[in-house]
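Enquirer: Once you've had a glance at the structure underneath, I'll fire off some questions.
There are 2 protein chains.
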Amino acid sequence: MSDWFHNGAPVTSVAIENRGFQYGDGLFETIAIRGGEPRLWGHHLERLAEGCRRLRLERPDAGSLRLQLDGALQASTVESLYCTAKIIVSGGVTQRGYGRARRTPAHTLIGVFPAVPPAGSAYRDGVGTIRCRTALATGSALAGVKTLNRIEQVLARSECLEADAFEGLTFDADARLICGTMSNVFLVDGKTIRTPSLSRCGVAGVMRRHLMDVLRDTPAAVVECDLGERDLERAGEVFLTNSQFGVLPVSRCDERTWPVGPVTRDVMSLMAGNGIAECRL
Amino acid sequence: MSDWFHNGAPVTSVAIENRGFQYGDGLFETIAIRGGEPRLWGHHLERLAEGCRRLRLERPDAGSLRLQLDGALQASTVESLYCTAKIIVSGGVTQRGYGRARRTPAHTLIGVFPAVPPAGSAYRDGVGTIRCRTALATGSALAGVKTLNRIEQVLARSECLEADAFEGLTFDADARLICGTMSNVFLVDGKTIRTPSLSRCGVAGVMRRHLMDVLRDTPAAVVECDLGERDLERAGEVFLTNSQFGVLPVSRCDERTWPVGPVTRDVMSLMAGNGIAECRL
């Protein structure tokens, strides 16, 4: 069940010539709606703007986008106090051919979906993960951007489905740890929290950014750096972030297991106090 | 002007939930229709099958696909003796989420477009190219496959539009020459013809394959290898291949110019004798 809207009107389809369909030419945001309000809206807007700049897409006006989102939440048949909204901005409709002229009007869609939160046990006991075999290409011009080019995540996520794992950790072609298929990953060593650099590939999540902002001026400030398989093996604690679930401890990756540790619990408590209610244990 | 068909019926739109739109989850073939027949049909079918295998997509039945193509050509308002057909196979419609179960039915669309051949002067005198600044990510799980994840080509092609160049040559993140935005590239040194390896990124074109097949048992057999900026600079001749235009000499890349050389002319003559009529000078 979901409802999609374009300029306030309900829609169920897009033109075949839409460049989002032809070339994956576009980007999206997946937004947690909590108490009827879009959580981390400012972060979503900033990432969207940066993505439009990188893809040379016409950037939707922030005010108009918010009006469209609010309208979609009101008009939707989905319970709109606690749900998930998805904004897709694609390169619009053009003639056949990769090239897109600078002034091509972008095409914006807003979808509203029921939110399906993880069970409380996931927050208390952690979630199981696997190492995905699908490698992420490196040196991407699109690194960090949540584009509509997501086949790598489709393949990696399909590995998770088959392994019945909550999440899969993905590595780049040079065996660097990058992120989860739908989350960002953090490794804890003693009191140090590290997260993979996303300068070569991966998606820079808004919850990752929020967590780094919250921890910035504390002794637990997050270090962004290159990390590999051995860093994962040696980590004392591992956790994930994502716009919908907030923060979740990782209890397992393939054969390696971790307890839910004190740093992860502290981070969750801090995030609960900073607007991410799911993290309240 | 174009006509799209799904299972024999004309269509103008796809469901918003189509995974091709949501994630670029799919692939495509662009086929030259000459004398009403799909040129290099066997090569297109093989690449499609290999792409479906790599993307874990349900593979369309070859016989049914040909019937659908023939039906689309007949039903289309486009002049169907000499035109371009596009087959899109996407991951179909599923609920939100990257994962796609193995048995998800794929969704096939066939589009028919007027063909716009390059001017005769392009074949005689060559075409102008630029070096694209957009780098291709390397180590891709999708290397060689013509997927719907084409934002890199969109950005590189937009550079060509702005420079008013016929084509742009793209390099990977490690500065290796890979291909054109819509073509494959060949460098000639003396009598040796080399073309970039496509094991890390790029699209393996059907005309590239046909040319390599045609030259396989001749002294001019094509060598597939890693090539860089300096190989391009030092090349005595440069030419491009693409399913629609066949073979085209390159007369310029940024400031570097080349004459249309004897090896390129021999290759074009050989290709003209092997079904690629456009190469007849």
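If you're matching them up, the sequences are chains A and B in order.
The letter at position 102 of the first sequence is residue 117 when you use my numbering, and the numbering goes up by one with no holes.
The letter at position 18 of the second sequence is residue 33 when you use my numbering, and the numbering goes up by one with no holes.
Cβ coordinates follow ideal geometry from the N, Cα and C atoms, glycine included.
Return no unless some Cβ of chain B is closer than 8 Å to the Cβ of A152/A.
Expert: Residue 152/A sits at position 137 when you count from the first residue of the first sequence. Chain B, which has a Cβ nearer than 8 Å to the Cβ of A152/A, makes this yes.
Enquirer: Look up I291/A in the DSSP assignment and say whether it is helix, strand or coil.
Expert: The count along the first sequence starts at 1 and reaches residue 291/A at position 276. It is coil, neither helix nor strand.
Enquirer: In angstroms, rounded to a whole number, what distance separates the CA positions of T119/A and P274/B?
Expert: Along the first sequence, read from residue 1 onward, the residue named residue 119/A stands at position 104. Along the second sequence, read from residue 1 onward, the residue named residue 274/B stands at position 259. Cα to Cα, T119/A sits roughly 37 Å from P274/B.
Enquirer: Going by the beta-carbon positions, is the gap between G143/A and L96/A smaller than 8 Å?
Expert: For this step, residue 143/A is matched to residue 128 along the first sequence. For this step, residue 96/A is matched to residue 81 along the first sequence. Going by C-beta atoms, G143/A is not nearer than 8 Å to L96/A.
Enquirer: What does S173/A reach in chain B if we use C-beta pairs closer than 9 Å?
Expert: Mapped onto the first sequence, residue 173/A falls at position 158. Residues of chain B passing the Cβ test: R71, Y113, G114, R115, A116 and R117.
Enquirer: Determine the chain A residues that contact W19/B at a beta-carbon separation under 7 Å, and present them in chain order.
Expert: Counted from its first residue, the second sequence places residue 19/B at position 4. By Cβ distance, chain A contributes I31.
Enquirer: Please report whether the beta-carbon of Y97/A lies at a distance below 8 Å from any beta-carbon of chain B.
Expert: Here residue 97/A is taken as the residue at index 82 of the first sequence, counted from 1. Judged by the 8 Å Cβ criterion, Y97/A is not in contact with chain B.
Enquirer: Short of 7 Å in beta carbon distance, which residues of its chain neighbour A77/B, apart from the five on each side in sequence? Order them along the chain.
Expert: Within the second sequence, residue 77/B is the residue found at index 62, counting from 1. Here the set comprises L60.
Enquirer: Is there contact between the segment 44-58 of chain A and the segment 254-263 of chain A, where contact requires at least three CB pairs shorter than 8 Å?
Expert: Contact holds: three or more Cβ-Cβ distances are below 8 Å.
Enquirer: Return helix, strand or coil for R118/B, following the three-state DSSP convention.
Expert: Here residue 118/B refers to the residue found at position 103 of the second sequence. Coil at R118/B, not helix or strand.
Enquirer: Please state whether the Cβ-Cβ distance between T99/A and A47/A is less than 8 Å.
Expert: Here the question's residue 99/A lines up with position 84 in the first sequence. Here the question's residue 47/A lines up with position 32 in the first sequence. Yes, the Cβ-Cβ distance between T99/A and A47/A is below 8 Å.
Enquirer: What does W19/A pair with, by DSSP beta-bridge criteria?
Expert: Working through the first sequence from its first residue, we reach residue 19/A at position 4. W19/A pairs with V26/A and G126/A.
Enquirer: Please classify C240/A as buried or exposed, where buried requires at least 16 other C-beta atoms within 10 Å of its C-beta.
Expert: If you number the first sequence from 1, residue 240/A lands on position 225. The residue is exposed, with fewer than 16 neighbouring Cβ atoms inside 10 Å.
Enquirer: Assign T210/A to buried or exposed, taking buried as 16 or more other Cβ atoms, counted over all protein chains shown, within 10 Å of its Cβ.
Expert: As a position in the first sequence, residue 210/A is number 195, starting the count at 1. T210/A is buried by the Cβ-count criterion.
Enquirer: Have a look at A152/A and T185/A and give me their C-alpha separation to the nearest angstrom.
Expert: As a position in the first sequence, residue 152/A is number 137, starting the count at 1. As a position in the first sequence, residue 185/A is number 170, starting the count at 1. Rounded to the nearest angstrom, the two C-alpha atoms are 11 Å apart.
Enquirer: Can you name, in chain order, every residue of its own chain whose Cβ lies under 7 Å from the Cβ of A150/A, other than the five neighbours on each side?
Expert: Taking the first sequence and counting its residues from 1, the one referred to as residue 150/A is at position 135. Hits under 7 Å: F186, D187 and A188.
Enquirer: Would you kindly report the start and end of the unbroken alpha helix (DSSP H) that includes I166/B?
Expert: Position 151 of the second sequence, counted from the start, is the residue given in the question as residue 166/B. Per DSSP, I166/B belongs to the alpha helix (DSSP H) from I166 to A178.
Enquirer: Could you pull out every unbroken beta strand (DSSP E) segment of at least 3 residues lying fully inside the segment 49-125 of chain A, listed in chain order?
Expert: Complete beta strand (DSSP E) runs here, min 3: 97-105.
Enquirer: Classify V131/B: buried if its beta carbon has 16 or more other beta carbons within 10 angstroms, exposed otherwise.
Expert: What you label residue 131/B is simply residue 116 of the second sequence in a count that begins at 1. Exposed: under 16 other Cβ atoms inside 10 Å.
Enquirer: Taking all protein chains shown into account, do 16 or more other C-beta atoms lie within 10 angstroms of the C-beta of E177/B, making it buried, or fewer, making it exposed?
Expert: Sequence index remark: in the second sequence, residue 177/B carries index 162 (1-based). By the neighbour-count rule (16 or more Cβ atoms within 10 Å), E177/B is not buried but exposed.
Enquirer: For F36/B, would you say it is in contact with chain A, using Cβ-to-Cβ distances shorter than 8 Å as the test?
Expert: Here the question's residue 36/B lines up with position 21 in the second sequence. Yes, contact with chain A.
Enquirer: Going along chain B in order, which residues have a C-beta closer than 8 Å to the C-beta of L157/A?
Expert: As a first step, residue 157/A must be located in the first sequence, where it is residue number 142. Result: A152, I166 and E167.
Enquirer: According to DSSP, is A47/A part of a helix, a strand, or is it coil?
Expert: Walking along the first sequence from the start, residue 47/A turns up at place 32. Three-state DSSP puts A47/A in a strand.
Enquirer: Quick one: list the residues of chain A neighbouring C147/B, beta-carbon separation under 7 Å, in chain order.
Expert: Counted from its first residue, the second sequence places residue 147/B at position 132. Neighbours of C147/B on chain A: none; closest Cβ ~10 Å, over 7 Å.
Enquirer: Under 9 Å between beta-carbons, which chain B residues line up against A188/A? List them in chain order, please.
Expert: Here residue 188/A is taken as the residue at index 173 of the first sequence, counted from 1. Near A188/A (Cβ distances below 9 Å), the residues of chain B are A152, T153, G154, S155, A156 and R215.
Enquirer: Following the continuous beta strand (DSSP E) through D246/A, name the residue where it begins and the one where it ends.
Expert: As a position in the first sequence, residue 246/A is number 231, starting the count at 1. Unbroken run through D246/A is the alpha helix (DSSP H), E244 to R249; no beta strand (DSSP E).
Enquirer: Any beta-carbon of chain A closer than 8 Å to the one on F254/B?
Expert: Locating residue 254/B in the second sequence gives position 239, counting from the first residue. Answer no: the Cβ-Cβ gap between F254/B and chain A never drops below 8 Å.
Enquirer: S198/B CB to nearest chain A CB: under 8 Å?
Expert: Here residue 198/B corresponds to residue number 183 of the second sequence, with the count starting at 1. It does not: the Cβ of S198/B has no partner Cβ on chain A nearer than 8 Å.
Enquirer: So if DSSP puts E270/B in a beta bridge, which residue, or which two residues, is it bridged to?
Expert: Within the second sequence, residue 270/B is the residue found at index 255, counting from 1. Beta-bridge pairing links E270/B to no other residue.
Enquirer: List the DSSP bridge partners of E239/B.
Expert: Position 224 of the second sequence, counting from 1, holds the residue named residue 239/B. Its beta-bridge partners are T210/B.
Enquirer: Using a Cβ-Cβ cutoff of less than 6 Å, which residues in the same chain neighbour A121/B once the five nearest sequence positions on both sides are dropped?
Expert: Counted from its first residue, the second sequence places residue 121/B at position 106. Closer than 6 Å at Cβ, skipping near neighbours: L72, E73, V104 and G107.
Enquirer: So which residues on chain D does F128/B lean against when the C-beta distance must stay under 7 Å?
Expert: You won't find chain D in this structure, because its protein chains are A and B.
Enquirer: What does G261/B touch in chain A if you count any residue whose Cβ is under 7 Å from its own?
Expert: On the second sequence, position 246 is the one that residue 261/B refers to. Within 7 Å Cβ-Cβ: nothing; G261/B doesn't reach chain A, min ~18 Å.
Enquirer: Is there at least one Cβ from chain B nearer than 8 Å to L230/A's Cβ?
Expert: The residue you call residue 230/A lines up with position 215 of the first sequence. Output row for L230/A: interface = no.
Enquirer: In chain B, which residues lie with their C-beta within 8 Å of the C-beta of S28/A?
Expert: Taking the first sequence and counting its residues from 1, the one referred to as residue 28/A is at position 13. Within 8 Å Cβ-Cβ: S28, V29, A30 and I31.
Enquirer: Which residues in chain B sit within 7 Å of T162/A, going by Cβ to Cβ distance?
Expert: In the first sequence, the residue the question calls residue 162/A occupies position 147. In chain order: I166.
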